[in-house]
Amino acid sequence: MKEPIPHKDKPVRKTRSDKGHPQLTSRDEDVLRLIGEQTAYRFDQLQGLLARHPESQSQDPDVLSESRTREIIERWKILGLATYQKIHYDTPGWISLTRKGLYHCNLSLRFIDPRHSDLEHLFWINETRIMIEETYGSCPGFQWESERQYHVTRDRLKAQQRQDPDLWLPHEYRGNHLPDALLQYHLKDEPETPTITSAIEVELSEKSYATWKKIFLELIRFFTNAHYYVDPSIKSMFTKALNKFQNEDPAFDEPNKEQRQYIYIHDLEQRL
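Its first residue numbered 15, the sequence shown is counted upward by one per residue in the working numbering.
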């Protein structure tokens with residue numbers, strides 16, 4: 015009689031110490047910070063951001079798959095770093111950071127719920143940032159400061175100056191108008207090369223000439239130049255207003271005609 019074959023127990027797998035606690039990659043960290051700086055990204059924009067990251071191995075170099083993008087968002091949600099909200103039924107949802115996410119990214123910024131934001135404007139600011147990074151990103155000293163970062167920096171510096179009136183305040187933080195972003199870079203990689211400080215504006219809606227002129231004056235007083243990215247529906251009207259501003263005779267205390275030429279118009283472009 016044959017002896018029964020002894021039963022061999024299967025080895026018991028040890029539970030991973032990080033089970034239920036997803037680990038973040040460098041890509042996660044970089045993209046989370048971008049989201050925090052910009053307030054929020056739409057789902058389809060996030061697909062583009064993730065695919066473009068050097069760590070990505072996406073089959074499509076421009077767009078990460080929907081399923082993979084959802085997996086990444088879920089990982090962030092489990093960690094309490096981000097939220098996903100479907101705000102309008104006919105457009106993709108938006109991803110933004112929680113308070114914990116802002117803290118994790120070392121961003122001293124106020125929490126903003128994207129439901130209370132101008133989503134169309136936010137969408138085009140995100141697109142414009144990518145376009146500017148593609149154009150100026152290789153310049154020495156390149157830096158993008160979003161509106162919310164600029165606001166915090168300006169308020170902090172002005173508060174310090176109130177405590178110490180002798181404190182020097184950089185020109186780009188002296189005005190009252192909040193640009194959509196601040197772009198800084200150098201033309202040459204040399205110590206004495208001056209910093210170019212450009213105000214970035216995304217213009218989607220018509221304003222009165224008086225309102226535009228007030229903003230134009232602030233921009234050329236406190237920045238090296240200003241770049242407007244303009245919606246096609248108002249480009250003709252905006253161009254007319256800018257031409258009027260650049261060619262009218264300045265009042266006694268206003269910047270001269272030469273200074274007024276440093277405002278440039280660009281078309282909006284979707285890059286993500």
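From the three backbone atoms N, C-alpha and C, an ideal C-beta is built for every residue, glycine too.
Keep in mind that this is a model prediction, so the values were computed, not measured.
Rounded straight-line distance, which links the Cα of residue j to that of residue i
i, j, result
"Glu232", "Gly155", "24 Å"
"Val244", "Lys100", "27 Å"
"Glu11", "Ile214", "Any question about residue 11 goes unanswered here, given that the chain covers just 15 to 286."
"Lys91", "Asn239", "40 Å"
"Asp74", "Cys153", "28 Å"
"Val77", "Arg84", "13 Å"
"Tyr276", "Ala255", "15 Å"
"Ile86", "Phe57", "11 Å"
"Leu282", "His241", "11 Å"
"Ile109", "Gly94", "12 Å"
"Arg47", "Thr209", "25 Å"
"Lys172", "Val166", "10 Å"
"Gly50", "Phe252", "31 Å"
"Asn261", "Lys271", "7 Å"
"Tyr55", "Phe266", "44 Å"
"Arg129", "Glu43", "24 Å"
"Ser40", "Arg66", "13 Å"
"Gln37", "His135", "33 Å"
"Lys24", "Pro68", "Unreliable positioning characterises Lys24 in this predicted model, as indicated by a pLDDT of 49, which lies under 50. A coordinate reading is not provided."
"Lys22", "Arg82", "Low confidence applies here, because Lys22 scores a pLDDT of 49, under 50, leaving its location unreliable; read the following figure in that light. Going from the Cα of Lys22 to the Cα of Arg82 covers about 39 Å."
"Arg30", "Leu111", "Confidence at Arg30 is low in this model, with a pLDDT of 45, below 50, so its placement is unreliable and the value that follows should be read with caution. When rounded, the distance between both Cα atoms is 27 Å."
"Asp132", "Thr207", "37 Å"
"Glu148", "Ile234", "25 Å"
"Ser222", "His200", "34 Å"
"Gly107", "Glu268", "45 Å"
"Ile126", "Asp263", "42 Å"
"Lys227", "Pro193", "14 Å"
"Pro184", "Ser79", "44 Å"
Whole-angstrom C-beta distance between residue j and residue i, which should lie under 8 Å
i, j, result
"Leu116", "Tyr164", "Going by Cβ atoms, the distance from Leu116 to Tyr164 rounds to 16 Å, so no, they are not a contact pair."
"Phe236", "Gly189", "4 Å"
"Arg168", "Tyr187", "4 Å"
"His280", "Ile229", "Rounded, the Cβ-Cβ distance is 17 Å, inconsistent with contact."
"Ile248", "Ser219", "7 Å"
"Gln292", "Ser160", "The structure shown does not extend to residue 292, since the chain spans only 15 to 286, so no value can be given for it."
Paired residues, beta bridge with residue i - DSSP
i, result
"Tyr312", "Because residue 312 is not part of the residues shown, which for the chain are 15 to 286, the question remains open."
"Glu43", "In DSSP, Glu43 forms no bridge with anything."
"Gln99", "Trp108"
"Tyr55", "Ile109"
"Trp158", "Leu197"
"Asp281", "Val244"
Residue i CB to nearest heavy atom of the ligand COA below 7 Å
i, result
"Ala96", "Among the components modelled here there is no ligand, and therefore nothing to report on the ligand COA."
Taking one C-beta from the stretch 137 to 156 and one from the stretch 168 to 184 each time, how about it: are there three or more such pairs within less than 8 Å? In the pairwise beta carbon analysis, the stretch 137 to 156 is classified as not touching the stretch 168 to 184: fewer than three pairs are separated by under 8 Å.
For the 8 Å Cβ check, are there 3 or more pairs between the stretch 59 to 67 and the stretch 116 to 128? When C-beta atoms of the stretch 59 to 67 are compared with those of the stretch 116 to 128, fewer than three pairs fall below 8 Å, so the two segments do not count as touching.
What ranges does the beta strand (DSSP E) occupy inside the stretch 166 to 223, keeping only unbroken runs of at least 3 residues that lie completely in it? Within the stretch 166 to 223, the beta strand (DSSP E) runs of at least 3 residues that lie entirely inside it are, in chain order, 195 to 200 and 209 to 217.
Mind pulling the beta strand (DSSP E) runs of 3 or more residues that sit fully within the stretch 218 to 266? 239 to 244
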